[in-house]
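In what follows, a single structure is set out as structure tokens and then discussed.
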Amino acid sequence: MLFLRFLRFLIYFPISLFCSLRLFFLNKFVLVDLDYSLCKNEILSINEEKFDYRNLNIEINLDIKEKVKYLELKGYKIIIFSSRGIRAHSFSKKWLNRNKINYVVFFHLGLTSLKLIPILMAVIFLKKFVLIDDLSNIKDGKLTKSFIYNYVELLAKKNLFKWEDPQK
319 MLFLRFLRFL IYFPISLFCS LRLFFLNKFV LVDLDYSLCK NEILSINEEK FDYRNLNIEI
379 NLDIKEKVKY LELKGYKIII FSSRGIRAHS FSKKWLNRNK INYVVFFHLG LTSLKLIPIL
439 MAVIFLKKFV LIDDLSNIKD GKLTKSFIYN YVELLAKKNL FKWEDPQK
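Those letters in the sequence shown? Residues 319 to 486, per the working numbering, in order.
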């Protein structure tokens, strides 16, 4: 299991870096997480630590959808970023289209911890952005905060960006 996580990290780390460089060309944007933020996922069972990302009938979080639409009207570009792997790309796009979510870029980051890269890049580039993400992982059938949660919380408290945790 640890080897697979490390291998996944090695695969997705360069992808995360490359995707994050695209933020340099945007001035105002929203980083929106899919699962447990924009999507109202349900954990399949205590023993099942993954949800069915192929399910196009996952309910949308209407509060988050409205917030994203509002920010889009205010001139923010919508960036979807997710811990879903690249295998989920076509399913994710279909779900977003079905739910009428406009976006300019989709980052498949593979691991929640790699979300720190685009967040830090946006802070370094002094971008105006909003983060909508719970920064959670599924562990033992429950949502648990990722180790990056506290770091992101610290950055947000310094007013470097606005952050909304949909699980709060």
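Here a beta-carbon is modelled for each residue, glycine too, at the ideal position from N, C-alpha and C.
Annotation for L328: the continuous alpha helix (DSSP H) segment containing it runs 320 to 339. DSSP assignment within the region 399 to 427 yields the following whole alpha helix (DSSP H) runs of 4 residues or more, N-terminal first: 407 to 416.
Contact annotation: the region 415 to 433 touches the region 386 to 399, with at least three C-beta pairs closer than 8 Å. DSSP places L478 outside any beta strand (DSSP E), giving it a letter other than H or E.
Where I456 is concerned, the enclosing beta strand (DSSP E) starts and stops at 454 to 457. Looking at the backbone, the Cα of S401 and that of L344 are separated by about 22 Å.
Contact annotation: the region 321 to 338 does not touch the region 372 to 388, with fewer than three C-beta pairs closer than 8 Å. Straight-line spacing of the CA atoms in S431 and N373 works out to 24 Å. Counting along the chain, the unbroken alpha helix (DSSP H) around I382 starts and ends at 380 to 391. Beta-carbon to beta-carbon, F409 and F347 are separated by about 23 Å, too far to satisfy the 8 Å threshold.
Judged by DSSP in its simplified three-state form, L349 adopts strand. Take the alpha-carbon of Y388 and the one of L322: they are about 39 Å apart. Closest option to Q485, judged by alpha-carbon separation, among L352, F327, L341, R326: L352. In this chain, L444 is not harboured by any beta strand (DSSP E), its DSSP state being neither H nor E. Residue F399 holds the alpha-carbon nearest to the alpha-carbon of I435 among K385, G459, K460, F399. Of the candidates N375, L472, A474, S338, the residue whose Cα lies closest to the Cα of F443 is S338. Between K433 and I456 a beta carbon distance of about 15 Å is seen, past the 8 Å cut, so the two are scored as non-contacting.
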